[in-house]
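Asker: Just passing along the structure, written as structure tokens.
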Ligand code: UGA
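Numbering (my numbering), first residue to last: 812 to 1245.
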């Protein structure tokens, strides 16, 4: 099939590449000329495991191409994916200026029947708005489909190629048939393609993300309470998670959820509720608890150093909002760095992928090291913010001799309590005994 993808951000690039992988002819459109030039040369602008291999293969096979011309994109594809950003507006709602701006251009440019598919995370009712905007100028038939994506950063290629489910919001049989044909190769295992109306599809995405964020936040509160009453959250998690109604996944407490999706989507759903005079009490609580959780290590660090962090140096392992990505959007590490700098401390940080992005934000206020061990040399304590695998089995002897004090504040519960105790560390983690 002929597919166009408008927007070559994270979602657009993964979508375009994976759709090319199953033999479709894909043309990706972006207004950023520099980016398009790089993509045409075969450079992948983001770090996402396995994407580079698929990308190269499909460019070589001439199934994956790039252009800055929306007109060309609209001529090429029978199905046009909109993978445009929906950033957080000042009031927390999703800003639709890109989605509606491009829709307006589409209305002026389409010359034959197209299925316009919204892949961006958009508030309920956006499909109707897109339809209205395109209809203003369009002289031909078109259909709008809402097809939210459920990709996790770090696993996006796998999630796209082997989805647990595909959600299609469509009220047109013709469009639904085309979408089913497109996605059939991805659900050979029998996983479902769930067809529903556009509004339900739009809400499904927000509901799924908000539920997962709530699940994590609930566990973060249980962890905090464990510390107060002397329980161990690892044991509570094991005891709870074996109930299949609860499930084992997304029960890991930590220093709050981050990333480009959960924080933005929870706030946007809360705001959508408000706009419809519905008070999502639970989401309001989730937002508040998560803000608190992101900084939960700070009072502990302050208490350990008698409220005087001036002149202290902290090693930070992990800057990305989670492992296997270079994405630092809403990463807890950024909040912690900010607070520590304000309190007069210095930071030596290491992350296998995210340091260039942090440098863009903090410049030379943070020292970046070549490896994880260098970050700990002469630091007063180690703070762990992201659970990269390489941090799980450090050489404790080296760590002890590098650090000024054998002290670890672990926001990701990486180490076994008995082991770390026997190694002689003061160890503060989340929801477990100190
Ligand atoms: C999330 C969803 O998982 C995807 O299904 C969705 O498609 C995507 O948002 C999106 O809307 O585009 P992602 O943001 O890549 O994916 O990251 P997750 O792996 O879900 O992690 C989100 C945050 O939750 C991270 O900060 C992570 O550290 C935290 N988390 C996750 C926990 O604190 N505990 C857990 O048990 C799991």
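All C-beta atoms, glycine included, are put in the ideal place defined by N, C-alpha and C. The model shown is predicted, which means the values in this text are computed figures rather than measured ones.
Quick one: Cα of residue 954 to Cα of residue 813, how far?
Answerer: Taking the chain shown and counting its residues from 1, one reaches residue 954 at position 143. Taking the chain shown and counting its residues from 1, one reaches residue 813 at position 2. If you take the alpha carbons of residue 954 and residue 813, they lie about 16 Å apart.
Asker: Straight-line CA distance for residue 945 to residue 917?
Answerer: The count along the chain shown starts at 1 and reaches residue 945 at position 134. The count along the chain shown starts at 1 and reaches residue 917 at position 106. Taking the straight line from one Cα to the other gives about 6 Å.
Asker: Could you name each continuous alpha helix (DSSP H) segment of 4 residues or more that falls completely within the stretch 1170–1235, going from the start of the chain to the end?
Answerer: 1183–1187, 1207–1213, 1228–1233
Asker: From which residue to which residue does the alpha helix (DSSP H) around residue 1095 run?
Answerer: Residue 1095 sits at position 284 when you count from the first residue of the chain shown. Taken as a continuous stretch (DSSP letters only), the alpha helix (DSSP H) holding residue 1095 covers 1092–1105.
Asker: In this structure, what does DSSP give as the bridge partners for residue 929?
Answerer: Looking up residue 929 in the chain shown gives position 118. DSSP output for residue 929 lists 893, 957 as bridge partner(s).
Asker: Please list, in chain order, all residues of the same chain as residue 1098 whose beta carbon is under 7 Å from its beta carbon, the five residues on each side excluded.
Answerer: On the chain shown, position 287 is the one that residue 1098 refers to. Once the five neighbours on either side are set aside, the close Cβ partners of residue 1098 are 1077, 1078, 1081.
Asker: Using C-beta distances below 8 Å, list every residue in its chain close to residue 867, excluding the 5 sequence neighbours before and after it, in chain order.
Answerer: Translated into positions along the chain shown, residue 867 becomes position 56. Residues of the same chain with a CB within less than 8 Å of the CB of residue 867, apart from the 5 flanking positions on each side, are 853 in chain order.
Asker: Using a 10 Å radius around the Cβ and a threshold of 16 neighbouring Cβ atoms, would you call residue 959 buried or exposed?
Answerer: For the purposes of this step, residue 959 is taken as the residue at position 148 of the chain shown. Buried, by the Cβ-count rule.
Asker: Could you pull the DSSP bridge partners for residue 838 from this structure?
Answerer: The sequence position of residue 838 within the chain shown is 27, counting from 1. 815, 876, per the DSSP bridge assignment.
Asker: Compute the Euclidean distance between the alpha carbons of residue 1207 and residue 1129, then round it to the nearest angstrom.
Answerer: Along the chain shown, read from residue 1 onward, the residue named residue 1207 stands at position 396. Along the chain shown, read from residue 1 onward, the residue named residue 1129 stands at position 318. When rounded, the distance between both Cα atoms is 17 Å.
Asker: Quick one: residues in its chain with C-beta nearer than 7 Å to the C-beta of residue 1014, no 5 flanking neighbours on either side, listed in chain order?
Answerer: The residue given as residue 1014 occupies position 203 in the chain shown. Correct list, in chain order: 935.
Asker: Counting C-beta neighbours from all protein chains within 10 Å, is the total for residue 912 16 or more, i.e. buried, or is it exposed?
Answerer: As a working note, residue 912 is residue 101 in the chain shown. With fewer than 16 other Cβ atoms within 10 Å, it is exposed.
Asker: With 16 as the cutoff for other CB atoms within 10 Å, does residue 930 come out buried or exposed?
Answerer: In the chain shown, residue 930 corresponds to position 119, counting from 1. Buried, since its Cβ has 16 or more Cβ neighbours within 10 Å.
Asker: Give the secondary structure of residue 1157 by DSSP, where H, G and I count as helix, E and B as strand, and everything else as coil.
Answerer: Position 346 of the chain shown, counting from 1, holds the residue named residue 1157. Note: residue 1157 maps to strand in three-state DSSP.
Asker: Straight-line CA distance for residue 1041 to residue 1062?
Answerer: As a working note, residue 1041 is residue 230 in the chain shown. As a working note, residue 1062 is residue 251 in the chain shown. Answer to the nearest angstrom: the Cα atoms are 19 Å apart.
Asker: Smallest Cα separation from residue 1105: which of 1118, 1012, 1065, 1094?
Answerer: For this step, residue 1105 is matched to residue 294 along the chain shown. Among 1118, 1012, 1065, 1094, the Cα nearest to that of residue 1105 is on 1065.
Asker: On the criterion of 16 or more Cβ atoms from any shown chain inside 10 Å, does residue 1242 qualify as buried, or is it exposed?
Answerer: Position 431 of the chain shown holds residue 1242. Per the 10 Å Cβ criterion, buried.
Asker: With a Cβ-Cβ cutoff of 9 Å, do residue 1050 and residue 1058 count as a contact?
Answerer: As a working mapping, residue 1050 is identified with position 239 in the chain shown. As a working mapping, residue 1058 is identified with position 247 in the chain shown. Going by C-beta atoms, residue 1050 is not nearer than 9 Å to residue 1058.
Asker: Ignoring anything shorter than 3 residues or poking outside the stretch 960–996, list the beta strand (DSSP E) runs there in chain order.
Answerer: 977–980
Asker: Roughly how many angstroms lie between the CA atoms of residue 899 and residue 1086, to the nearest whole one?
Answerer: Taking the first residue of the chain shown as position 1, residue 899 is located at position 88. Taking the first residue of the chain shown as position 1, residue 1086 is located at position 275. When rounded, the distance between both Cα atoms is 15 Å.
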